[in-house]
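Enquirer: Chains as they are written, first to last, in our numbering: chain G, 1 to 101; chain X, 1001 to 1274.
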Amino acid sequence: MATTEHSTHQPAPLSLYLATFGMLMFLTILTIFAGFQNFGMWSTPIALGIAGVKAALVVVIFMHGYSSSPLTWVIILASMFFMTIMLGLMLSDYMSRGWAM
Amino acid sequence: MSATNEIVQDHGQHHHKDLAHHFDTLEQQHDANTLGMWAFLLTEVLFFGGLFAAYTIYRYKYSAMFEEASNHLDITLGATNTVILILSSLTMALAVRCSQTGNSLWTGRWLLITIAFGLMFLGVKFVEWKHDYHIHLMPGKDWSGKDYWHWQYAKKAKDMETEAHKNGSAEHSLPDRKDVLADNDPSLGVRGIQESQQARLFFLLYFCMTSLHALHMLVGFVLIGIIAYFAYQGAYSPEYYSPVENIGLYWHFVDIVWIFLFPLLYLLGAHMGH
């Protein structure tokens, strides 16, 4: 393997991927369990919170966010930023006006 | 695999054979590839985002009916598919890892295993959609107006299923369409039609979101298949594995979409009991 170039990124240990998978399975069970409880208005925030943690695990470990360049993180955070704008501004409109739908 | 690390002469300088002319180093090339893929995924986030926004607004407006409509979906099948898809994400992560360690054979194998899990997911989805169609959850005509009856049929099917579960029998028959039409209670009036329309909206979003997600998986199969072919050809090495990394990013994105779809579509009405 003689080469003048350095390897681009070191592979993560196998145990990290398996642990992440285990955590994702645990959170899937947790979200199903939470879904059957009646938390009233908190049901959806709880479900979205768990889904958010699962998505973060996938982005940081499976999608190599932990070793991505700062510029890549700008894009990752920008996607969340634009989603927040889209949902936030739309909801602020619908929730603040007495429009009949 | 000395061929993959071959150094070729180019303009009097030493270049790695996989290093494109306009990049200085493989590291720079890899970072640019990753950045480009993420930029594409950003547009994908906003693509699905439109549907999520529509879901959010109508969920807010018609909370009660959305919960009741959600209760008609099969949580067991949805949960099964969640497990299958996360498994496929793991095998995809292992494929990328094998390409990083220079194991071309297992890169290809893990990619094919990922496709297999993806096909299992679509198989379950097909069975589920077919059932949804048979119990008249598919939006179409006769969901509103004075002759609406699909939602009445779906509710009757649900009641019969609950009844069968209570009696401990796994098998249950579907309602007769003629009975539903005969029973269609005109006293439900405008309120009944409104409820039917709101439920239709939920199922419209359900079918749109799950089928757009499924379409992304179909595209994924083709792309993963191509990358797997090149992996078997020994095209990737620890110095150059960006295509594997990028198809991995795509597949994990598809997984993330489902991670949000599952609770929002299936678990919304779970607390109401089955």
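No residue lacks a Cβ here, since even glycine has one placed at the ideal position from N, Cα and C. Model, not experiment: these values are computed from the prediction.
1. When the Cα atoms are used, what is the spatial distance from residue 1192/X to residue 1133/X?
2. Let me know the secondary structure DSSP gives residue 68/G once reduced to three states.
3. Going along chain G in order, which residues have a C-beta closer than 7 Å to the C-beta of residue 1057/X?
4. Please work out which residues of its chain come closer than 7 Å, Cβ to Cβ, to residue 1268/X, disregarding the five sequence neighbours upstream and downstream, and give them in chain order.
5. Is the Cβ of residue 1077/X closer than 8 Å to any Cβ of chain G?
6. So, is the C-beta of residue 1038/X closer than 8 Å to a C-beta in chain G?
7. Do you know offhand how far residue 13/G's Cα is from residue 22/G's?
8. Name the residue from 1113/X, 1097/X, 1044/X and 1120/X whose alpha carbon lies nearest to the alpha carbon of residue 1276/X.
9. Is the segment 1259-1266 of chain X close to the segment 1036-1043 of chain X, with three or more CB pairs under 8 Å?
10. Since residue 1195/X is in the alpha helix (DSSP H), which residue starts that stretch and which ends it?
11. Less than 8 Å between the C-beta atoms of residue 17/G and residue 1093/X, yes or no?
12. Apply the 10 Å Cβ neighbour rule to residue 42/G and answer buried if 16 or more other Cβ atoms are within range, or exposed otherwise.
13. Taking 8 Å as the threshold (beta carbon to beta carbon), is residue 1190/X in contact with chain G?
14. Check whether the Cβ of residue 1097/X lies closer than 8 Å to any Cβ atom in chain G.
15. Is the distance from the Cβ of residue 20/G to the Cβ of residue 50/G below 8 Å?
16. Spell out a yes or no on whether the segment 57-74 of chain G and the segment 1249-1263 of chain X are touching, meaning 3 or more CB-CB pairs, one atom from each, closer than 8 Å.
17. Does any CB atom of chain G fall closer than 8 Å to the CB of residue 1082/X?
18. Please report the straight-line C-alpha distance between residue 1230/X and residue 1026/X, rounded to a whole angstrom.
19. According to DSSP, is residue 1240/X part of a helix, a strand, or is it coil?
20. With distances taken from CA atoms, which of 1160/X, 1252/X, 1111/X and 1062/X is nearest residue 1170/X?
21. Using a Cβ-Cβ cut-off of 8 Å, state whether residue 31/G counts as contacting chain X.
22. Can you grab the Cα-Cα spacing for the pair residue 1140/X / residue 1195/X, in whole Å?
23. Between which two residues does the alpha helix (DSSP H) harbouring residue 1170/X extend?
24. Is the shortest distance between the beta-carbon of residue 1114/X and the beta-carbons of chain G less than 8 Å?
25. Could you tell me whether any Cβ in chain X is nearer than 8 Å to the Cβ of residue 28/G?
26. Measure from the alpha carbon of residue 1174/X to the alpha carbon of each residue in 1197/X, 1150/X and 1189/X, then state which is nearest.
27. Quick check on the DSSP output: what are the complete alpha helix (DSSP H) runs of length 4 or more inside the segment 1087-1166 of chain X, in order along the chain?
28. Within its chain, find whatever has a CB closer than 6 Å to the CB of residue 1248/X; leave out the 5 residues flanking it on each side and keep chain order.
29. Look at residue 1236/X and residue 1244/X and say whether their C-beta atoms are less than 8 Å apart.
30. Are three or more beta carbon pairs between the segment 28-40 of chain G and the segment 1121-1131 of chain X nearer than 8 Å?
31. Would you give the residue range spanned by the alpha helix (DSSP H) that residue 47/G belongs to?
32. Between which residues of its own chain and residue 1033/X is the CB-CB distance below 7 Å, once the five residues before and five after are set aside?
33. Of all the CB atoms in chain X, is at least one closer than 8 Å to the CB of residue 19/G?
34. Quick one: what does DSSP say residue 1029/X is sitting in, helix, strand or coil?
Expert: Quick look at the numbers:
1. Counting from 1 along the second sequence, the entry for residue 1192/X is found at position 192. Counting from 1 along the second sequence, the entry for residue 1133/X is found at position 133. Using only the alpha carbons, I get a separation of about 21 Å.
2. Against the first sequence, residue 68/G aligns to sequence position 68. Coil at residue 68/G, not helix or strand.
3. Residue numbering aside, residue 1057/X sits at position 57 when the second sequence is read from its first letter. Here the neighbours are 90 and 94.
4. Along the second sequence, one-based indexing puts residue 1268/X at 268. Correct list, in chain order: 1066, 1067 and 1070.
5. The residue labelled residue 1077/X in the question sits at position 77 within the second sequence. Closer than 8 Å: no.
6. Along the second sequence, read from residue 1 onward, the residue named residue 1038/X stands at position 38. Yes, because at least one Cβ of chain G sits closer than 8 Å to the Cβ of residue 1038/X.
7. For the purposes of this step, residue 13/G is taken as the residue at position 13 of the first sequence. For the purposes of this step, residue 22/G is taken as the residue at position 22 of the first sequence. Counting only the Cα atoms, residue 22/G lies some 15 Å from residue 13/G.
8. Past the boundaries of the shown model lies residue 1276/X; chain X is included only from 1001 to 1274, so the question cannot be answered.
9. Too few Cβ pairs lie closer than 8 Å, so no.
10. Reading the second sequence from its first residue, position 195 is the one you call residue 1195/X. Element bounds for residue 1195/X: 1189-1232.
11. In the first sequence, residue 17/G corresponds to position 17, counting from 1. In the second sequence, residue 1093/X corresponds to position 93, counting from 1. Yes, the Cβ-Cβ distance between residue 17/G and residue 1093/X is below 8 Å.
12. The sequence position of residue 42/G within the first sequence is 42, counting from 1. By the neighbour-count rule (16 or more Cβ atoms within 10 Å), residue 42/G is not buried but exposed.
13. Residue 1190/X sits at position 190 when you count from the first residue of the second sequence. For residue 1190/X, the answer is no, since every Cβ of chain G falls outside 8 Å of its Cβ.
14. Here residue 1097/X refers to the residue found at position 97 of the second sequence. Yes, its Cβ sits closer than 8 Å to a Cβ of chain G.
15. Start at 1 with the first residue of the first sequence, and residue 20/G comes out as number 20. Start at 1 with the first residue of the first sequence, and residue 50/G comes out as number 50. No, the Cβ-Cβ distance between residue 20/G and residue 50/G is not below 8 Å.
16. Inter-segment contact for the segment 57-74 of chain G and the segment 1249-1263 of chain X is present: three or more beta-carbon pairs are separated by less than 8 Å.
17. Taking the second sequence and counting its residues from 1, one reaches residue 1082/X at position 82. Closer than 8 Å: yes.
18. Stepping through the second sequence from its first residue, residue 1230/X is reached at position 230. Stepping through the second sequence from its first residue, residue 1026/X is reached at position 26. Distance between the alpha carbons of residue 1230/X and residue 1026/X: 19 Å.
19. Here residue 1240/X corresponds to residue number 240 of the second sequence, with the count starting at 1. The three-state reading of DSSP puts residue 1240/X in strand, counting E and B together.
20. Taking the second sequence and counting its residues from 1, the one referred to as residue 1170/X is at position 170. Closest option to residue 1170/X, judged by alpha-carbon separation, among 1160/X, 1252/X, 1111/X and 1062/X: 1160/X.
21. Reading the first sequence from its first residue, position 31 is the one you call residue 31/G. Residue contact check for residue 31/G against chain X: a CB pair falls below 8 Å.
22. Your numbering for residue 1140/X matches position 140 in the second sequence. Your numbering for residue 1195/X matches position 195 in the second sequence. Whole-angstrom Cα-Cα distance: 15 Å.
23. Mapped onto the second sequence, residue 1170/X falls at position 170. Run containing residue 1170/X: none; DSSP gives neither H nor E here.
24. For the purposes of this step, residue 1114/X is taken as the residue at position 114 of the second sequence. Between residue 1114/X and chain G, the shortest Cβ-Cβ separation is not below 8 Å.
25. Indexing the first sequence from 1 puts residue 28/G at position 28. Judged by the 8 Å Cβ criterion, residue 28/G is in contact with chain X.
26. Against the second sequence, residue 1174/X aligns to sequence position 174. The shortest C-alpha separation from residue 1174/X is found at 1150/X.
27. DSSP assignment within the segment 1087-1166 of chain X yields the following whole alpha helix (DSSP H) runs of 4 residues or more, N-terminal first: 1104-1134 and 1150-1166.
28. As a first step, residue 1248/X must be located in the second sequence, where it is residue number 248. Only 1092 and 1096 meet the Cβ criterion.
29. Working through the second sequence from its first residue, we reach residue 1236/X at position 236. Working through the second sequence from its first residue, we reach residue 1244/X at position 244. Yes, Cβ-Cβ distance for residue 1236/X and residue 1244/X is below 8 Å.
30. Taking 8 Å as the limit for Cβ pairs, the verdict is that the segment 1121-1131 of chain X does not touch the segment 28-40 of chain G.
31. Here residue 47/G refers to the residue found at position 47 of the first sequence. Here the alpha helix (DSSP H) through residue 47/G covers 43-57.
32. In the second sequence, counting from the first residue as 1, residue 1033/X sits at position 33. 1242 and 1246.
33. Here residue 19/G refers to the residue found at position 19 when the first sequence is read from its first residue. Closer than 8 Å: no.
34. On the second sequence, residue 1029/X is found 29 positions in, with the first residue counted as 1. In the structure shown, residue 1029/X sits in a helix (DSSP, three-state: H, G or I).
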